[in-house]
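S.K.: Can you keep this structure in mind? I'll have questions shortly.
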Amino acid sequence: MTTEKKPAVYDPYDPAGLPDFDRDFIEPDELDRFERALNAPEASPLVAINDWRPINQRVRKTRGRRKPPKRSKDETREGVLYTVLKWPFLFTVFTWITVLGFGYVLIRVYIFLYEQWVTWRGKRERLRRELSAQRNYPDWLKAAQALDVHLGTQNWKQTDEYAYYDHLTINKVVGQLKKVRADVERETGNGQSDSSEVSAIEELRTLLEACVKNNFAGVENPRIYSETYSGTKDLVQEYIDEVHACIELVQNSKQVDKDAKYQLFKHLDTNFGRTALCLSGGATFAYYHFGVVKALLDNDVLPEIITGTSGGALVAGLVATRTDEELKQLLVPALAHRIRACHERFPTWVRRWWRTGARFDTVDWARQCGWFCRGSTTFREAYERTGRILNVTCVPSDPHSPTILANYLTCPDCVIWSAVLASAAVPGILNPVVLMTKKRDGTLKPYSFGHKWKDGSLRTDIPIKALNLHFNVNFTIVSQVNPHINLFFFSSRGTVGRPVTHRKGRGWRGGFLGTAIEQYIKLDLNKWLRVLRHLELLPRPMGQDWSEIWLQKFSGTVTIWPKSIPSDFIHILSDPSPERLARMIHVGQQSTFPKIQFIQNRLKIENEIMTGLQESKMGGRSLSPILSRRLHNTESEHSDPMEERLDENLPERESSSYKDESRFVDLSDSISQSTASSRPQTPSSRRGSIMEEMRRQSAVFFDDADSYGDEDPTVI
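Just so we're aligned: the sequence shown equals residues 5 to 720 in the working numbering.
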């Protein structure tokens, strides 16, 4: 008699279960080349050794420190009044900013107490605690639906009318799409069409070209996902499902030739745009990103385009160099055993800081970072291995050069770990870093003449404009953990999956008066800091203009804010324990669950468009590993990930295709009109007034900044 062997239970706290846990990816010779590049003189002789020490000064302990050079008169436009009024004006403004900051804390405490003592009581509070205790999305969704039933928000979903989207247009589009799709299916079944009219499949293509656009009629307005804990309007969900079914029908139709399919999907891709996951900086707060990525990965909604800055770049580097199967094994508490960036003792880093102006050793960080980025993997190699497009923001050490968004298009042979280090080089923490590039023989050399780069959060924490320029990204999922911004994030009308807690989501947090005071204080803080920056009055500690860490945009279409705790500030520059990392992963997942439905609806259409585009033979492409697994449900657990690699020329073709597609952005309307004019007109009974209605509707919901709610925490 034989007994079946039980499978071993995997312990998420055991580091032995991590893929390549003991593997040292980075070679000593590569570190030696990096160290020589760091110590080599730069092209310009007038370069500071680090952010703390003056120009041409040796890195050694001296009895006295020289003062950094003052700004020139040409830079500050100095005059008599400037000299007399500068410091009194600064003192007055900073005093007022302190008063405003104290008042802001008081009003937030009042709103917190108001919500806890007035709105969250009884069964509502019990259901909310059950919601926050769930560890997977299906269970969380059930708890969220139970809370919606208790609050009575289910009736809101069944009513079409709502001020933040055009329900009349959506109703007409859904009816028209259903009718035409039924005609196409009937023609396909009969194997013939009425020659006296335009075929139904042609009419369906025309409808899709008109309605498949970013935030069409407001269906992607975050506010229509902010009234309930789960889901959105039934009409909006019906529209998403119908558009997806129609796109799939055209993709599989044999009545449309492959050339026409390719042109259609290319047009849809340009108009609809793409989605990106943006991971912010924030020192060790960035470990919350692991939970965010895990929630998206487990629910199959992790975007292909990922960008990271500072601490977020380390997480993005791990995600972009690993397959889905590897990530599911890595995103566990045992990963804390590989996070060793802060292993040195206090006396060691104090001596280094006094000698070099940086707390951490750059070469040691390169060795630690190499494991997360699979050694000296380049941006091109990461894209070929996983199909994910990694972007890392780096700021040049000189104040004049523009910020770079490193990816497989801008610097394909750049080594990822060097870009991650550069993006994390905060003045006083890590000195500016030389980017390294891989030559044909596999050896490393300095990138861009050996110029040095530093923390991307100083100027562009969330590179939305650059992502739109390179990859047509117009839908951003931002995981924001910066501690200096987290305090000022306040969604007065609720956010996606987190409605206002009282008056069935129709009220204001803390009441109208509390919200009005909060908004006034925040805007006044923003105003005064902008005045100081434009008058060039702000001090520059370490020779760095720090104003942009307060005044840049930190949010996206969907913004995820993992809730930090006071002990996070104590451990802001220390490695996490497995227990602490487990809590951060759980909190990151909990913060992401409310956004899943919104992201699923977006990617449902986007992935179908990308599948149709890549499967068109005219494009000359094969499916990427991610789309192949996600959309065709392949059994990837039984296949070798290396067998799914794209061919060597795919990045170049991808680059050229996007350049070629850029011309469709400005000409999208003319293409639509010329396509329609080249075909016979359909009878009015079939098209009705739907085309006039869609031409009438505008992108007001998308263009109006207020349409996305009050999620922009650009405070100060």
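Here a beta-carbon is modelled for each residue, glycine too, at the ideal position from N, C-alpha and C.
1) From P226 to K217, what distance separates their C-alpha atoms?
2) Of the residues A280, Y266, L208, R278, which one's Cα is nearest the Cα of E246?
3) If we count the other Cβ atoms within 10 Å of its Cβ and call it buried at 16 or more, is L425 buried or exposed?
4) Compute the distance between the beta-carbons of I310 and L339, then report whether it is under 7 Å.
5) Buried or exposed: F376, going by 16 or more other Cβ atoms within 10 Å of its Cβ?
6) Pull up the DSSP beta-bridge partners for I393, would you.
7) Check each candidate in E252, N472, D528 and name the one with the smallest Cα separation from I609.
8) Check whether the stretch 388 to 404 and the stretch 454 to 470 touch, using three or more Cβ-Cβ pairs below 8 Å as the test.
9) Can you confirm whether the stretch 556 to 576 touches the stretch 520 to 540 when touching is taken to mean that 3 or more C-beta pairs between the two stretches lie within less than 8 Å?
10) G616 to N605, Cα distance in whole Å?
11) Look up S581 in the DSSP assignment and say whether it is helix, strand or coil.
12) Would you mind listing the alpha helix (DSSP H) stretches within the stretch 375 to 419 that are 4+ residues and don't spill past its ends, in chain order?
13) On the criterion of 16 or more Cβ atoms from any shown chain inside 10 Å, does K449 qualify as buried, or is it exposed?
14) Can you name, in chain order, every residue of its own chain whose Cβ lies under 8 Å from the Cβ of R37, other than the five neighbours on each side?
15) How do the stretch 478 to 498 and the stretch 404 to 416 stand: do at least 3 beta-carbon pairs fall below 8 Å, yes or no?
16) Would you call the CB atoms of V367 and E39 closer than 7 Å?
17) Kindly indicate which three-state DSSP category V240 falls into: helix, strand or coil?
18) Below 7 Å between beta carbons: does that hold for D143 and T232?
19) With a threshold of 8 Å on Cβ separation, who are the neighbours of V223 within its own chain once the five nearest residues in sequence on each side are excluded?
20) Along the beta strand (DSSP E) that carries P450, what are the first and last residues, could you check?
21) To the nearest whole angstrom, what separates the beta carbons of T397 and T313, a pair I think is in contact under 8 Å?
22) Tell me, to the nearest whole angstrom, how far the beta carbon of H147 is from that of L155; I am working on the premise that it is less than 8 Å.
23) Mapping DSSP to helix, strand and coil, what is V3?
24) Should F516 be labelled buried (16 or more other beta-carbon atoms within 10 Å of its own) or exposed?
25) Measuring CA to CA, which of I468, G514, A317 is closest to Y118?
26) Contact between the stretch 296 to 309 and the stretch 590 to 602 is defined here as three or more beta-carbon pairs at a separation below 8 Å; is this criterion met?
27) Which class does V3 belong to by DSSP, given the choice of helix, strand or coil?
28) Cutting at 6 Å between CB atoms, please list the residues of its own chain near Q162, excluding the five before and the five after it.
29) Over what stretch of residues does the alpha helix (DSSP H) that includes R513 continue unbroken?
30) Would you list the one or two residues that DSSP bridges to S571?
31) For Y229, which residues of its own chain have a beta-carbon under 6 Å away from its beta-carbon, when the five flanking residues on both sides are left out?
32) Let's see if you can read the secondary structure: which residues bound the beta strand (DSSP E) around T352?
33) Please give me, in chain order, every unbroken run of the beta strand (DSSP E) with length at least 3 that falls completely inside the stretch 250 to 305.
34) DSSP three-state call for D459: helix, strand or coil?
35) Please report the distance separating the alpha-carbon of F95 from that of W357.
36) So, with DSSP's three-state summary, where would you put E437?
M.R.: Reading off the structure:
1) Taking the straight line from one Cα to the other gives about 16 Å.
2) Closest option to E246, Cα to Cα, is L208.
3) Buried is the call here.
4) Taking 7 Å as the Cβ cut-off, I310 and L339 do not qualify as a contacting pair.
5) Buried, because 16 or more other Cβ atoms sit within 10 Å of the Cβ of F376.
6) Bridge partners of I393 according to DSSP: I309.
7) Checked all of E252, N472, D528; the closest Cα to I609 is E252.
8) With a cut-off of 8 Å, the stretch 454 to 470 and the stretch 388 to 404 count as touching, because enough Cβ pairs lie within range.
9) By the Cβ rule, the stretch 520 to 540 does not count as touching the stretch 556 to 576, because fewer than three pairs are nearer than 8 Å.
10) Rounded to whole angstroms, G616 to N605 spans 18 Å at the Cα level.
11) Looking at S581 - three-state DSSP - the assignment turns out to be coil, as it is neither helix nor strand.
12) The stretch 375 to 419 is shown to contain whole alpha helix (DSSP H) runs of 4 or more residues at 383 to 390, in chain order.
13) By the 10 Å Cβ count, K449 comes out exposed.
14) The beta carbon of R37 sits closer than 8 Å to the beta carbons of M440, T447, L448, K449 from its chain, once the five residues preceding and following it are set aside; these are given in chain order.
15) Result no; under three Cβ-Cβ pairs closer than 8 Å.
16) Contact flag set, yes.
17) Residue state, collapsed to three classes: helix.
18) Contact: no.
19) Only Y169, I174, V240, Y243, I244 meet the Cβ criterion.
20) Looking at the DSSP string, the run of the beta strand (DSSP E) that includes P450 is 448 to 450.
21) Contact holds; Cβ gap of about 4 Å.
22) The sequence shown places Ala at residue 147, not His. About 13 Å; that fails the 8 Å criterion.
23) With the chain covering 5 to 720 only, the question about residue 3 has no answer from this structure.
24) Around the beta carbon of F516, fewer than 16 other beta carbons sit within 10 angstroms, so the residue counts as exposed.
25) The residue with the shortest Cα to Cα distance from Y118 is G514.
26) Touching, yes.
27) There is no way to answer for residue 3, as the model of the chain reaches only from 5 to 720.
28) Cβ within range, chain order: D238.
29) No alpha helix (DSSP H) contains R513, which DSSP labels as neither H nor E.
30) BP columns for S571 are empty, so no partner.
31) Closer than 6 Å at Cβ, skipping near neighbours: T236, V500, F602.
32) Taken as a continuous stretch (DSSP letters only), T352 belongs to no beta strand (DSSP E), being part of the alpha helix (DSSP H) at 350 to 360.
33) Counting only runs that start and end inside the stretch 250 to 305, the beta strand (DSSP E) elements of at least 3 residues fall at 278 to 283.
34) Reduced to three states, the DSSP call for D459 is strand.
35) So the alpha carbons of these two residues sit roughly 30 Å apart.
36) Correcting the residue identity first, residue 437 is Val in this sequence and not Glu. Of the three classes helix, strand and coil, the one that applies to V437 here is strand, per DSSP.
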